[in-house]
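Note sheet for the following structure.
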Amino acid sequence: MDSAARHILEHSRRGLLRSGLGMAALAALQPPSARHALAAPALPRDPFTLGVASGDPWPDGVVLWTRLAPEPLAGGGMPRAAIPVRWEVAEDPGFTAIAATGEELARPELAHAVHAEVGGLLPGRAYFYRFRLGEWLSPTGRTRTAPAVDATPAKLRFVNAGCQNYQQGLYTAWRHVAEEEDLDFVFHYGDYIYESGRSASAIRPHNGPEPLSLDEYRARYALYKLDPDLAAAHAAHPFLPSFDDHEVQNNWAGPFSQDDGSNPNRPAVPPEIFALRKQAAFQAWYEHMPLRRAQLPRGPEIEAYRALRYGRLLDIAVLDTRSFRTDQPCGDGVKPACAAQQDPAAQMIGPAQQEWLAKGLGRSEARWQLLAQQVPMLRVDSGQDTVPRLPMDKWDGYPAARRRVLEALQGVPNLVVASGDVHMALAGTLRPDYDREDSPATGTEFTATSISSGGDGSESRPSSARELARNPHLAFTNNRRGYTLHEVSRDSFTATFRAVAQVSTPGAAREDRARFVVEAGRPGPQPA
1 MDSAARHILE
11 HSRRGLLRSG
21 LGMAALAALQ
31 PPSARHALAA
41 PALPRDPFTL
51 GVASGDPWPD
61 GVVLWTRLAP
71 EPLAGGGMPR
81 AAIPVRWEVA
91 EDPGFTAIAA
101 TGEELARPEL
111 AHAVHAEVGG
121 LLPGRAYFYR
131 FRLGEWLSPT
141 GRTRTAPAVD
151 ATPAKLRFVN
161 AGCQNYQQGL
171 YTAWRHVAEE
181 EDLDFVFHYG
191 DYIYESGRSA
201 SAIRPHNGPE
211 PLSLDEYRAR
221 YALYKLDPDL
231 AAAHAAHPFL
241 PSFDDHEVQN
251 NWAGPFSQDD
261 GSNPNRPAVP
271 PEIFALRKQA
281 AFQAWYEHMP
291 LRRAQLPRGP
301 EIEAYRALRY
311 GRLLDIAVLD
321 TRSFRTDQPC
331 GDGVKPACAA
341 QQDPAAQMIG
351 PAQQEWLAKG
361 LGRSEARWQL
371 LAQQVPMLRV
381 DSGQDTVPRL
391 PMDKWDGYPA
401 ARRRVLEALQ
411 GVPNLVVASG
421 DVHMALAGTL
431 RPDYDREDSP
441 ATGTEFTATS
451 ISSGGDGSES
461 RPSSARELAR
471 NPHLAFTNNR
481 RGYTLHEVSR
491 DSFTATFRAV
501 AQVSTPGAAR
511 EDRARFVVEA
521 GRPGPQPA
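Residue numbering for the sequence shown follows UniProt numbering, starting at 1 and increasing by one per position.
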């Protein structure tokens, strides 16, 4: 194993120990020994209502997830006890060739969620999995392990998707993702849930007011996971989950975030109180995602950034652009630049994460390097005159931080950034400093549109033509709902922007709106 692969795997394997939870917490989450095994309760209803999922593949294994919830919208409906759950992994959907089996405890402290970190599997293989509890059998899921660290796969296929506001549209795009063939993974960039309260004009309403407590966040995740199209996508492919802002609160920023009172229905709260909300939100996110124990939150803090390797073809850095940033400058929103936007000390990912990123990708020996993160790095100036207007919640609000990151990665030969958040598709060329004409092209960014957020959308927005004219580094914008399909080979990195015509009514067909390719050694998207 080369040094880059060892760095990537060791960072992930040691994440829990560095988090301060230590070996005692790790042992507490392990399944019981035979002499301490607990009897499975007799349940009158199916406990697997929220489906199954897999995620964060390694060459020798993957995380398998489910949550026991016979009454998913009423607190779960499980007894207040730790319940042993059996899992099975097979080489075939009929489970005639069993590859691995085991048992995990579903604990009431974690809403009876199960996170089984399966090992001992073969690299680069498709597997099928399921869970058992007494007489009940879960749906069958399909997953795939990562290639061996020293292998060079001929091709990888993955999807980038997120922003799935339940109230604003149906998850037709997730059904199309479920039907994609031979995906190696789905990167979910965030906004898995939306924290807003029930809307009278919603296509389908939320199940209650804006969540503040752990129980309320759990109920919101349960509502989203009950959607059959989202459940189908999880069962079909392994996910690499990340989070953005709506998993906690719109546009929250950094360790000292607070509720500033902008919501007229709720008074402002200080940072120490907002930290309690973060704690509840992060725990609920962990409980409902196929994550490793290294991502178990520590109160209001979480180490969500991590690295994965797909052989010698692709190294992936999953970033966290929320937890370590400074507050949005210029009062947030889309604004002309102010002095705070030019602050050279402003942070987007924080010094520790930036150092980890530069070391990890700086020593990468993979052909391609992917930054899987939340908000666009590309400059998107929507001004109408000589004064730029920039989105202060994106990297445009933190140009010094963007410059530091891209300059630190200038030696990385084939850098691609995947992002989302803005409810439109983008393709463009990354530069450390968009105010300098001689700033070199250092990478390519593909921003996925939303699954449902923003409603049906349109082919373009009123500002689209102006944005393309004011931002020559942009090659494409589109305002439909959907996702981005990526195909990676030794010599090319391709993005196909897939869309649906509407999310207000079911059954919309899949449409490909554009296709771009990045050639190895030549940053920037080219029409394909």
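We put the beta carbon where it would ideally sit given N, CA and C, even for glycine.
The beta carbon of A400 is closer than 6 Å to those of P344, A346 in its chain, skipping five residues each way along the sequence. Below 8 Å, enough C-beta pairs join the segment 38-55 and the segment 286-304 to call them touching: three or more.
Collapsing the DSSP output to three states places F187 in a strand.
Here S439 has R431, P432, D433 as same chain residues with Cβ atoms under 6 Å from its own Cβ, once five neighbours each way along the sequence are excluded. If you look at S492, you'll find it in the beta strand (DSSP E) that goes 492-500.
Taking a contact to require three or more Cβ pairs closer than 8 Å, the segment 268-284 and the segment 452-467 do not qualify as touching. Per DSSP, reduced to three states, the secondary structure at R402 is helical.
Under the DSSP assignment, H115 falls in the beta strand (DSSP E) whose first and last residues are 113-118. In this structure, the CA atom of S452 is about 8 Å from the CA atom of G482. When the alpha-carbon of R402 is set against those of D385, V387, D435, H423, the nearest one is in D435. In the three-state reduction of the DSSP assignment, V177 falls in the helix class. Secondary structure at R277: helix, using DSSP grouped into helix, strand and coil. Here T444 is not near V412, since their CB atoms are 9 Å or more apart.
Taking the CA atoms as reference points, V422 sits about 45 Å from G134. The alpha-carbon of R86 is positioned some 20 Å away from that of T145. For secondary structure counted as the beta strand (DSSP E) over 3 or more consecutive residues, the UniProt domain "Phospholipase D N-terminal" (50-145) holds these complete runs in sequence order: 52-58, 61-67, 83-90, 98-106, 113-118, 126-133, 141-144. In the three-state reduction of the DSSP assignment, Q283 falls in the helix class. About 18 Å separates the Cβ atoms of A366 and F446, ruling out a contact at the 8 Å cut-off. Spatial neighbours of E180 in its own chain (CB-CB distance under 8 Å, excluding positions within 5 residues in sequence) are listed in chain order as R157, V159, A236, H237, L485.
Nearest Cα to A97 within the set L371, E117, L121: L121. Between G524 and T429 the beta-carbon gap is near 4 Å, inside 8 Å, which marks them as a contact.
With a cut-off of 8 Å on Cβ pairs, the segment 215-226 is in contact with the segment 190-201, counting three or more such pairs. Residue pairing by DSSP puts A307 in a beta bridge opposite A317.
Here L137 has R130 as same chain residues with Cβ atoms under 7 Å from its own Cβ, once five neighbours each way along the sequence are excluded.
With fewer than three CB-CB distances shorter than 8 Å, the segment 323-342 does not count as touching the segment 307-315. Taking a cut-off of 8 Å on C-beta distances, the segment 508-519 touches the segment 470-481, as three or more cross pairs fall below it. P336 carries a strand assignment under DSSP once its states are collapsed to helix, strand and coil.
In the structure shown, the three-state DSSP call for R292 is coil. By a beta-carbon distance limit of 8 Å, L406 does not contact L361. Their separation comes to about 12 Å.
In the DSSP assignment, Y483 falls outside any alpha helix (DSSP H) and lies within the beta strand (DSSP E) extending over 474-488. Distance from the CA atom of P376 to the CA atom of S419, rounded to whole angstroms, is 6 Å.
When the beta-carbon positions are compared, P241 and G333 stay at least 9 Å from each other. Relative to S364, the option among D396, P388, N414 whose CA is nearest is N414. Per DSSP, the beta bridge partners of E511 are A499. DSSP, reduced to helix, strand and coil, places A235 within a helical segment of the structure shown.
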